[in-house]
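The sequence shown begins at 1128 in this note's numbering and counts up by one.
The beta-carbon is built from N, C-alpha and C at its ideal position, and this holds for glycine as well.
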Amino acid sequence: MSKYSKIYVLCIGGLKTGGTELLHQLVFRLNREGQMAYIVYIGNDLSMPEAFKNYIETPVKRLDEIEDDAENLIIIPETKVEYVNKFSNAMTAIWWLSVDNFAIHNDFRSRKELCSLKNALYNMITGDIKDKTKFVLKADFHLCQSYYAIDYIKRKYNFDEEKIIYLSDYINDCYTKSYVKEDKSVRNDVILYNPAKGYKFTRKLIKATPDLEWIPLQGMTNEEIYQYLNNSKVYVDFGNHPGKDRFPREAAISGCCIITGKRGAAKFNKDVPILDKYKFDEKIVEQRAIIHCIRYCLEKYEEIINDFEQYRQIILNEKSQFINDVKNIFII
């Protein structure tokens, strides 16, 4: 039995990210469970990315087609919390997919910490930083993709437990289907990294290790990334973790050793459940300690990779957990 007559999930149109994919995955799962649900595109581009077309079986709705009735629910991503003001009767929920993407537009201090003082001053002057507290407080309840998000909204808004619900995500089936516990394949002594995140620090590690091979995961097709993840030994990520990021999980399930910083969701063990010896606070830990860990993972890969088996098992179970959570939150 459904708790709501109709569920509308707002999403920026024409944009392919992990967050927008998750919004489509939720609509897909709700419809599969017998709950009438729709994706609603907002913004100037109302086109659907090709990769998402398999998720949507119901017509895409426009904002003005939403039925603002008491028995309906509107789910709004945290980057568009101001949309709660557009509804007077329907229930509203904010889904916190990324803490940082909200924070940098909400207050000066967060913008300064996550970007820079110069960037924060510029965006304050241009009006890009706006306090959105009144919109956050108006929502009926909050969904959180990460424990980092739960911690953030608890501390910032002092919400009661009953207003916060954990609803995370899962990585693409192409990664989990190819998982092999006893991987006998020959891997290359390669360190992979995402240059879009934390490159300022990663660049220092690269410069200090001219004898090691570092490959940036950029400018590649999905298939090329998949091949590198399945043929390399180490993936490092010293950037911000605005939520429970997909790249570390895709790398882990593909057989890479994972080494991260402690920013954002990475400092929460439930979001990135790897041993503490593979997490480094780059602000206080010497580079040589991190480099030593990287070299050790390369040299002792066959032994070290077992340290990540529990993480891989958690990743393998994420889809079934997501399905169960959707049922418990919206259906039963």
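Closest Cα partner of residue i within the set the options
{"i": "Ile1166", "options": "Thr1329, Lys1334, Val1187 and Ala1178", "result": "Val1187"}
{"i": "Ala1379", "options": "Leu1356, Asp1452 and Gly1388", "result": "Leu1356"}
{"i": "Ser1132", "options": "Leu1157, Thr1336, Gly1145 and Leu1150", "result": "Leu1157"}
{"i": "Phe1229", "options": "Ile1280, Phe1179 and Tyr1274", "result": "Ile1280"}
{"i": "Ile1277", "options": "Tyr1326, Thr1348 and Glu1205", "result": "Glu1205"}
{"i": "His1368", "options": "Glu1436, Asp1408 and Lys1454", "result": "Asp1408"}
{"i": "Ala1164", "options": "Leu1173, Glu1340, His1419 and Val1154", "result": "Val1154"}
{"i": "Asp1338", "options": "Ser1273, Asp1316 and Arg1189", "result": "Asp1316"}
{"i": "Ile1318", "options": "Arg1373, Glu1340 and Phe1374", "result": "Glu1340"}
{"i": "Asn1358", "options": "Ala1323, Lys1143, Pro1375 and Ser1312", "result": "Ser1312"}
{"i": "Ile1441", "options": "Val1399, Asp1403 and Ile1421", "result": "Val1399"}
{"i": "Asp1196", "options": "Asn1216, Ile1292, Lys1180 and Val1211", "result": "Asn1216"}
{"i": "Phe1214", "options": "Asp1300, Glu1194 and Leu1402", "result": "Glu1194"}
{"i": "Gln1437", "options": "Asn1455, Gln1345 and Lys1397", "result": "Lys1397"}
{"i": "Phe1449", "options": "Phe1179, Tyr1293, Glu1192 and Asp1258", "result": "Tyr1293"}
{"i": "Lys1180", "options": "Glu1209, Ser1305, Lys1143 and Phe1268", "result": "Lys1143"}
{"i": "Lys1446", "options": "Thr1185, Asp1300, Ile1421 and Lys1404", "result": "Asp1300"}
{"i": "Asp1258", "options": "Arg1189, Leu1344, Thr1185 and Lys1207", "result": "Lys1207"}
Residue i - DSSP class collapsed to helix/strand/coil
{"i": "Tyr1302", "result": "helix"}
{"i": "Ala1220", "result": "strand"}
{"i": "Tyr1249", "result": "Any reading at Tyr1249 must be qualified, since the residue scores a pLDDT of 43, below 50, and its modelled position is unreliable; the value itself is stated next. Of the three classes helix, strand and coil, the one that applies to Tyr1249 here is helix, per DSSP."}
{"i": "Ala1197", "result": "coil"}
{"i": "Ser1121", "result": "The structure shown does not extend to residue 1121, since the chain is modelled only from 1128 to 1459, so the question has no answer here."}
{"i": "Pro1204", "result": "strand"}
{"i": "Asn1315", "result": "strand"}
{"i": "Leu1137", "result": "strand"}
{"i": "Cys1424", "result": "helix"}
{"i": "Ser1447", "result": "helix"}
{"i": "Asp1296", "result": "coil"}
{"i": "Tyr1274", "result": "helix"}
{"i": "Glu1430", "result": "helix"}
{"i": "Glu1288", "result": "helix"}
{"i": "Phe1374", "result": "helix"}
{"i": "His1368", "result": "coil"}
{"i": "Lys1143", "result": "coil"}
{"i": "Val1211", "result": "helix"}
{"i": "Ala1416", "result": "helix"}
{"i": "Thr1329", "result": "helix"}
{"i": "Phe1155", "result": "helix"}
{"i": "Leu1241", "result": "The predicted position of Leu1241 is uncertain, since its pLDDT is 45 and thus under 50; a value taken from the coordinates is nonetheless stated next. DSSP places Leu1241 in helix when its eight states are reduced to three."}
{"i": "Phe1235", "result": "Reliability fails at Phe1235, whose pLDDT of 43 lies under 50, so the model's placement of it is uncertain and no value is given."}
{"i": "Glu1340", "result": "strand"}
{"i": "Lys1324", "result": "coil"}
{"i": "Val1363", "result": "strand"}
Anticipated Cβ contact below 8 Å, residue i with residue j, distance rounded
{"i": "Ile1139", "j": "Ile1169", "result": "6 Å"}
{"i": "Met1218", "j": "Leu1200", "result": "5 Å"}
{"i": "Lys1371", "j": "Ser1295", "result": "6 Å"}
{"i": "Leu1224", "j": "Leu1332", "result": "With a Cβ gap of about 29 Å, Leu1224 and Leu1332 do not count as contacting."}
{"i": "Ile1342", "j": "Val1361", "result": "Between Val1361 and Ile1342 the Cβ distance is about 10 Å, and since that is not below 8 Å, they are no contact."}
{"i": "Ile1411", "j": "Lys1130", "result": "Wrong, their Cβ atoms sit about 47 Å apart, outside the cutoff."}
{"i": "Lys1406", "j": "Ala1416", "result": "Not confirmed; about 12 Å, so no contact."}
{"i": "Ala1220", "j": "Leu1270", "result": "6 Å"}
{"i": "Gly1145", "j": "Arg1376", "result": "With 8 Å as the limit, Gly1145 and Arg1376 do not qualify as a contact, their Cβ atoms being about 10 Å apart."}
{"i": "Tyr1428", "j": "Arg1314", "result": "7 Å"}
{"i": "Phe1262", "j": "Val1211", "result": "5 Å"}
{"i": "Asp1452", "j": "Leu1402", "result": "The pair is not a contact, with the Cβ atoms about 26 Å apart (cut-off 8 Å)."}
{"i": "Ile1134", "j": "Ile1202", "result": "7 Å"}
With 16 other Cβ atoms within 10 Å as the buried cut-off, status of residue i
{"i": "Leu1159", "result": "Sequence inspection shows Arg at residue 1159; the Leu mentioned does not correspond to that position. The residue in question, Arg1159, is exposed, as its Cβ has fewer than 16 Cβ neighbours within 10 Å."}
{"i": "Tyr1284", "result": "exposed"}
{"i": "Ile1298", "result": "buried"}
{"i": "Gly1325", "result": "buried"}
{"i": "His1419", "result": "exposed"}
{"i": "Thr1260", "result": "exposed"}
{"i": "Ala1097", "result": "Shown here, the chain extends from 1128 to 1459; a query on residue 1097 therefore has no answer."}
{"i": "Ile1252", "result": "With a pLDDT of 48 at Ile1252, under the threshold of 50, the modelled position of that residue is not reliable, and the figure given next carries that caveat. Exposed: under 16 other Cβ atoms inside 10 Å."}
{"i": "Ser1273", "result": "buried"}
{"i": "Gly1161", "result": "exposed"}
{"i": "Leu1264", "result": "exposed"}
{"i": "Val1363", "result": "buried"}
{"i": "Val1307", "result": "exposed"}
{"i": "Val1136", "result": "buried"}
{"i": "Gln1152", "result": "buried"}
{"i": "Gly1391", "result": "buried"}
{"i": "Asp1227", "result": "buried"}
Residues near residue i in its chain [Cβ-Cβ closer than 6 Å; skip 5 each side]
{"i": "Thr1329", "result": "Tyr1320 and Phe1365"}
{"i": "Thr1147", "result": "Cys1138"}
{"i": "Leu1443", "result": "Thr1303"}
{"i": "Gly1141", "result": "Asp1172 and Ser1174"}
{"i": "Glu1192", "result": "none"}
Neighbourhood of residue i by C-beta, 8 Å cutoff - its chain only, sequence neighbours within 5 removed
{"i": "Ile1431", "result": "Cys1384, Tyr1423 and Cys1424"}
{"i": "Gln1414", "result": "Lys1331, Leu1332 and Ala1335"}
{"i": "Lys1454", "result": "Glu1160"}
Beta-carbon contacts of residue i that lie in its chain and below 7 Å, excluding the five residues immediately before and after
{"i": "Glu1198", "result": "Tyr1131 and Ser1132"}
{"i": "Ser1381", "result": "Tyr1302, Leu1356 and Asn1357"}
{"i": "Lys1327", "result": "none"}
heavy atom of the ligand FAD below 7 Å from residue i C-beta
{"i": "His1151", "result": "As presented, the structure is devoid of all ligands, the ligand FAD included, so that no description of it is given."}
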